[in-house]
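Structure record follows, encoded as structure tokens.
Protein chains: 2
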Amino acid sequence: MNTEGTRRDEIIHTATKLFKEKGYSAVTMRDLATAMGMKAASLYNHINSKQEILKAIIISLAEEFTQGMDAIKKSDQTAIEKLNLIVELHVDITTKNPYGMASLNNDWMHLEAQLDYYLGLRERYEQDFVAIIKNGISSNEIVDTNPEVVMFSILSTLRSLYLWIPKKEEINPKALAQNLSDVLIYGINK
Amino acid sequence: MNTEGTRRDEIIHTATKLFKEKGYSAVTMRDLATAMGMKAASLYNHINSKQEILKAIIISLAEEFTQGMDAIKKSDQTAIEKLNLIVELHVDITTKNPYGMASLNNDWMHLEAQLDYYLGLRERYEQDFVAIIKNGISSNEIVDTNPEVVMFSILSTLRSLYLWIPKKEEINPKALAQNLSDVLIYGINK
DNA sequence: TATTCTAACTAACAAGTGTTAGTTAGCAGC
DNA sequence: GCTGCTAACTAACACTTGTTAGTTAGAATA
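Structural data, given as structure tokens:
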């Protein structure tokens, strides 16, 4: 009964790559079928709709971020250390699935039934993030600037990692996360 | 002889907003016509194709960045000061046309005839950027880390500004640029 | 051997796509 | 009052879209 679900997974995997290159709307079921070496109609033996593929890509990633943030939030760490963990979380997830991150970033607006759910997760994530920064300012760990500018600046970099990680396979995730944390937290001024 | 070109400009302006919300591929000429209060066929009295609209949005912005970078490159400033000017360049252009920046970031792959030209401009921009960072490392102004990580981290933030600026109309461009420069260059550690 | 499951196929549909052709109403300049 | 321009219109085109229905060949199960 499709317990390993290989064929469906292959389709989603192939779709993820195509969506990254052209975006969800520009990829047709015939494009996807050709990339899979089959006819468009045959895809429907494995998936129910194009929408469902997008949902499978985006929602699982969004939930992974939510779980990661929950763990970091609860952990007994300094604010700076929590920021380090957030950087690691993004590097880890993006390294495992860089193409999927493209859809998460650029195609979320084409979620239909799951759009509100996704937006809720995203808002919660950002609220948790900014709360960590505010705590760091209160505890004198972080410089007293606009906390949203700080979050925006860090999160923009982390959200763009998917564009960059595939080009840099020689760098290992731990080293990249450390390098990024240093730049983001301590700046680049000597 | 259409010297002010108002109608065409209005169409491009409206298209820019729609492209930002749904992406180029998901916006139909009928969507655009409805937003303009006319029928799809009527658009063609003013523009030649959907492609042409995308080109008008993206290429002019890309050229503005190129010109800005050329001026900064030639200027007689320290590396850190040049980075400040780059931040200002992005904040200025994005403040003037935040919606267009969405297309520049997300829809450039749907340029057809102009794709190579665009990619050339982008590559040149990034080369100039990384050269400034390398000079700053050589001159001992900038900490000796991977220059591409530094560029990537700054550029990601600047490229994402379009998502953020429209929500923050109370902040003036100069102040935002200063705030961003501080965070990006000096970090957030106290 | 007979049956069911898997995963592909062909053929087709209704709706939507960008775009063209030809028309029309209003207005400016001669 | 005629001419030509602007900017809209209706109608239609050829093609593409996601998706469904029904079929088939081969492998696994009974």
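In order, the protein sequence lines correspond to chains A and B.
Mapping of the first sequence onto this note's numbering: position 86 corresponds to residue 86, and the numbering continues sequentially without gaps.
Mapping of the second sequence onto this note's numbering: position 156 corresponds to residue 1156, and the numbering continues sequentially without gaps.
Heads up, the beta-carbon is just placed ideally off N, CA and C, and yes, glycines get one too.
Determine, using beta carbons only, whether residue i comes closer than 7 Å to chain B.
| i | result |
| --- | --- |
| residue 45 of chain A | no |
| residue 190 of chain A | yes |
| residue 99 of chain A | no |
| residue 4 of chain A | A caution first: residue 4 of chain A carries a pLDDT of 45, below 50, which makes its placement in the model too unreliable to give a value. |
| residue 112 of chain A | no |
| residue 157 of chain A | yes |
| residue 93 of chain A | no |
| residue 143 of chain A | yes |
| residue 183 of chain A | yes |
| residue 120 of chain A | no |
| residue 186 of chain A | yes |
How would you write the range of the alpha helix (DSSP H) that residue i sits in, first residue to last?
| i | result |
| --- | --- |
| residue 1170 of chain B | From DSSP, residue 1170 of chain B is part of no alpha helix (DSSP H); its letter is neither H nor E. |
| residue 1106 of chain B | 1098 to 1106 |
| residue 23 of chain A | Neither: residue 23 of chain A is in no alpha helix (DSSP H) and is coded neither H nor E. |
| residue 1156 of chain B | 1147 to 1159 |
| residue 1118 of chain B | 1115 to 1138 |
| residue 74 of chain A | 50 to 74 |
| residue 1034 of chain B | 1029 to 1036 |
| residue 1043 of chain B | 1040 to 1043 |
Between residue i and chain A, is the shortest Cβ-Cβ distance under 7 Å, so that the two count as touching?
| i | result |
| --- | --- |
| residue 1152 of chain B | yes |
| residue 1160 of chain B | yes |
| residue 1164 of chain B | yes |
| residue 1132 of chain B | no |
| residue 1026 of chain B | yes |
| residue 1001 of chain B | Residue placement at residue 1001 of chain B cannot be trusted, given a pLDDT of 34 that sits under 50; what the coordinates show is reported in the next sentence. No, no contact with chain A. |
| residue 1146 of chain B | yes |
| residue 1149 of chain B | yes |
| residue 1179 of chain B | yes |
Are there 16 or more other CB atoms within 10 angstroms of the CB of residue i, so buried, or fewer, so exposed?
| i | result |
| --- | --- |
| residue 1094 of chain B | buried |
| residue 96 of chain A | exposed |
| residue 1042 of chain B | exposed |
| residue 1075 of chain B | exposed |
| residue 1044 of chain B | exposed |
| residue 88 of chain A | buried |
| residue 1187 of chain B | buried |
| residue 37 of chain A | exposed |
| residue 1001 of chain B | Any reading at residue 1001 of chain B needs caution, since the residue's pLDDT is 34, under 50, leaving its predicted position unreliable; the model's value is listed next. Exposed: under 16 other Cβ atoms inside 10 Å. |
Roughly how many whole angstroms lie between the Cα atoms of residue i and residue j?
| i | j | result |
| --- | --- | --- |
| residue 3 of chain A | residue 10 of chain A | A caution first: residue 3 of chain A carries a pLDDT of 38, below 50, which makes its placement in the model unreliable, though a value can still be read off. The alpha-carbon atoms of residue 3 of chain A and residue 10 of chain A are separated by roughly 14 Å. |
| residue 142 of chain A | residue 153 of chain A | 14 Å |
| residue 1013 of chain B | residue 1049 of chain B | 15 Å |
| residue 1114 of chain B | residue 1105 of chain B | 15 Å |
| residue 77 of chain A | residue 1047 of chain B | 58 Å |
| residue 1040 of chain B | residue 1068 of chain B | 37 Å |
| residue 1207 of chain B | residue 1101 of chain B | Residue 1207 of chain B falls outside the range modelled here, since chain B spans only 1001 to 1190, and no answer is possible. |
| residue 66 of chain A | residue 60 of chain A | 10 Å |
| residue 1079 of chain B | residue 1129 of chain B | 10 Å |
| residue 1058 of chain B | residue 1119 of chain B | 11 Å |
| residue 173 of chain A | residue 1182 of chain B | 27 Å |
| residue 1091 of chain B | residue 8 of chain A | 44 Å |
| residue 117 of chain A | residue 63 of chain A | 10 Å |
| residue 1051 of chain B | residue 86 of chain A | 40 Å |
| residue 159 of chain A | residue 133 of chain A | 18 Å |
| residue 31 of chain A | residue 25 of chain A | 12 Å |
| residue 1035 of chain B | residue 178 of chain A | 48 Å |
Pick from the options: whose alpha carbon is nearest that of residue i?
| i | options | result |
| --- | --- | --- |
| residue 180 of chain A | B:1179, B:1190 and B:1145 | B:1145 |
| residue 72 of chain A | A:83, A:112 and A:35 | A:83 |
| residue 1023 of chain B | A:109, A:21 and A:60 | A:109 |
| residue 1124 of chain B | B:1089, B:1032, B:1070 and B:1135 | B:1070 |
| residue 112 of chain A | A:171, A:183, A:163 and A:54 | A:54 |
| residue 185 of chain A | A:136, A:162, A:166 and A:170 | A:136 |
| residue 1107 of chain B | A:34, A:21, A:148 and A:6 | A:21 |
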